Amino acid sequence: PCLQRKILEYFDGD
Amino acid sequence: MLELRLVQGSILKKVLEAIKDLVNDANFDCSATGFSLQAMDSSHVALVALLLRSEGFEHYRCDRNLSMGMSLTNMAKMLKCAGNDDIVTIKADDGSDTITFMFESPTQDKIADFEMKLMDIDSEHLGIPEAEYEAIVRMPSSEFARICKDLGTIGDTVVISVTKEGVKFSTRGDIGTANIVCRQNTSIDKPEEATIIEMQEPVTLTFALRYMNSFAKATPLATQVTISLSSELPVVVEYKIAEMGYVRYYLAPKIEE
Chain R
37 PCLQRKILEY
47 FDGD
Chain Z
375 MLELRLVQGS
385 ILKKVLEAIK
395 DLVNDANFDC
405 SATGFSLQAM
415 DSSHVALVAL
425 LLRSEGFEHY
435 RCDRNLSMGM
445 SLTNMAKMLK
455 CAGNDDIVTI
465 KADDGSDTIT
475 FMFESPTQDK
485 IADFEMKLMD
495 IDSEHLGIPE
505 AEYEAIVRMP
515 SSEFARICKD
525 LGTIGDTVVI
535 SVTKEGVKFS
545 TRGDIGTANI
555 VCRQNTSIDK
565 PEEATIIEMQ
575 EPVTLTFALR
585 YMNSFAKATP
595 LATQVTISLS
605 SELPVVVEYK
615 IAEMGYVRYY
625 LAPKIEE
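Spelled out as structure tokens, the structure:
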């Protein structure tokens with residue numbers, strides 16, 4: 037089983 | 375007032391085909407730099423960043439920075455009505471809630487205009503930091519598309535592994551497993567067929583094939599694709615748009631629970 041990471045875990049809002 | 379004239383209108387048609395399945399609605403930003411878009415898919419797993427630089431347009435007038443919310447499905451419907459050889463002009467007046475796409479045939483004997491309603495879209499703009507990637511693979515975009523399509527018939531995820539031997543794409547499904555290795559191949563006479571691997575560190579990451587197959591819709595935009603990988607970052611799959619800019623897709627990896 038793999039957990040799908042989210043973009044927001046890597047990039048912050050401006 | 376906004377007026378952007380693109381002689382090679384087919385670029386815009388291809389851009390929409392490349393992004394419309396990933397993102398439904400998005401804000402297009404227009405500034406002195408160019409016409410751009412940044413949007414995440416509805417699951418916030420992938421992000422697409424588009425840039426069409428102002429220098430790439432034959433005429434580029436953008437009096438002030440504008441952000442225009444558009445349904446990409448509807449925009450794609452309108453651009454499908456443009457011929458492949460048509461010149462496309464995008465026009466919008468200040469404060470207007472519509473945008474106009476004008477299509478001119480190369481011989482100027484047919485001129486069409488399509489007016490599309492704009493929409494309010496509340497979207498977050500993310501800062502994407504400059505990063506050094508552990509491995510960068512450049513390969514023919516058609517080859518990458520073929521690999522993702524083939525592996526997608528067998529499994530749901532792809533493990534991309536870059537070593538000094540080459541780049542390996544692997545999947546596993548109910549019916550079995552598949553591994554495809556591409557070795558470095560610097561075809562000097564045919565640069566579009568080259569596979570070039572720049573590796574600082576070996577890197578192995580797992581991604582959902584569904585998204586990779588969606589990114590591969592950008593294949594008609596570029597003969598080569600660049601895949602940048604680092605263990606702590608989303609992968610970047612980049613299609614350069616000749617002399618104009620790029621479509622970049624960022625995809626968050628899957629990790630073992």
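Those protein sequences? They're chains R and Z, same order as listed. If you use the numbering used here, the first sequence corresponds to residues 37 to 50, in order. If you use the numbering used here, the second sequence corresponds to residues 375 to 631, in order. Even for Gly, the Cβ is constructed at its ideal location relative to N, Cα and C. Please read these numbers as outputs of a predicted model, since none were measured by experiment.
* Residue-chain proximity (residue 601(Z), chain R), Cβ-Cβ < 7 Å -> no
* To do: Quick one: using the 10 Å Cβ neighbour count with 16 as the cut-off for buried, is residue 622(Z) buried or exposed?
  => buried
* Assigned exposure category for residue 553(Z) - 16 Cβ within 10 Å defines buried -> exposed
* To do: Please state if the CB of residue 618(Z) and the CB of residue 426(Z) are separated by a distance shorter than 7 Å.
  => yes
* To do: Express the C-alpha separation of residue 397(Z) and residue 585(Z) in angstroms, rounding to a whole number.
  => 11 Å
* To do: Return the chain-ordered ranges of every alpha helix (DSSP H) run that is complete within the segment 379–435 of chain Z and spans a minimum of 4 residues.
  => 384–393
* Unbroken beta strand (DSSP E) run spanning residue 334(Z), endpoints -> Residue 334(Z) falls outside the range modelled here, since chain Z spans only 375 to 631, and no answer is possible.
* How about the segment 413–421 of chain Z and the segment 505–522 of chain Z: do they share at least three Cβ pairs that are nearer than 8 Å? -> no
* **Boundaries (first-last residue) of the beta strand (DSSP E) holding residue 619(Z)** => 619–625
* Asked: Does DSSP put residue 582(Z) in a helix, a strand or coil?
  -> strand
* Asked: Within 7 Å (strictly less), CB to CB, does residue 586(Z) reach chain R?
  -> no
* Candidates 378(Z), 556(Z), 408(Z) and 510(Z): closest to residue 476(Z) by CA position -> 378(Z)
* To do: Give the DSSP-derived three-state secondary structure of residue 514(Z) in the structure shown.
  => strand
* To do: Pick out whichever of 628(Z), 613(Z), 578(Z) and 629(Z) has its Cα sitting closest to the Cα of residue 392(Z).
  => 613(Z)
* To do: May I ask which residues mark the beginning and end of the alpha helix (DSSP H) holding residue 448(Z)?
  => 446–453
* Could you say which of 384(Z), 507(Z) and 486(Z) lies nearest to residue 573(Z) if we only look at CA atoms? => 507(Z)
* Please list, in chain order, all residues of the same chain as residue 470(Z) whose beta carbon is under 8 Å from its beta carbon, the five residues on each side excluded. => 492
* Could you confirm whether any beta carbon from chain R is found closer than 7 Å to the beta carbon of residue 491(Z)? => no
* Residue ranges of each beta strand (DSSP E) run of no fewer than 3 residues wholly in the segment 469–550 of chain Z, ordered along the chain? -> 472–478, 485–491, 509–514, 531–537 and 540–547
* Asked: What is the DSSP secondary structure of residue 588(Z), counted as helix, strand or coil?
  -> helix
* Asked: Do residue 49(R) and residue 500(Z) have their CB atoms nearer than 7 Å?
  -> yes
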